[in-house]
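Novice: Below: one structure in structure tokens.
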Amino acid sequence: MRKAVRNLLLVSLFFFVLAFGGCWVGVSYDERNKLYPEPNWIGYDVSIGKVYGKRWERIGNTLLSVGLVIGSIAIVIYYREKQIEDKSIIDLVREE
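Residue numbers (the working numbering): 1 to 96.
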């Protein structure tokens with residue numbers, strides 16, 4: 001159990017560091033080189049100027065979502081394997 005929790009936390013930490021580290025490097029690179037300015041929308045048709053690094057925010061959000069999905073799948077697989085090994089009440093009801 002402890003090994004599974006440790007591995008899940010390591011995978012979560014990996015995606016967290018990858019998302020935030022990659023975003024930080026990408027945003028600073030875009031700001032330094034003035035690449036890909038995008039409007040900063042505060043309403044449907046109102047923007048407050050140009051900002052850099054919005055594409056990296058989208059990439060970071062995607063990476064965090066992927067990490068969340070992978071973590072959820074790992075938890076489901078782990079508990080399903082435990083359920084099969086232990087012959088839980090749910091499996092006993094299905095056999096009848």
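A virtual CB, placed ideally from N, CA and C, is assigned to each residue, including glycine.
Tell me the DSSP bridge mates of V11?
Specialist: According to DSSP, which records beta bridges pairwise, V11 is partnered with nothing at all.
Novice: Which same chain residues end up closer than 6 Å to K54 when comparing Cβ atoms and leaving out the 5 residues on each side of it in sequence?
Specialist: E38
Novice: Leaving out five residues before and five after G49 in sequence, what residues of the same chain have Cβ atoms less than 8 Å from its Cβ?
Specialist: P39 and N40
Novice: Within its chain, find whatever has a CB closer than 6 Å to the CB of G26; leave out the 5 residues flanking it on each side and keep chain order.
Specialist: W56
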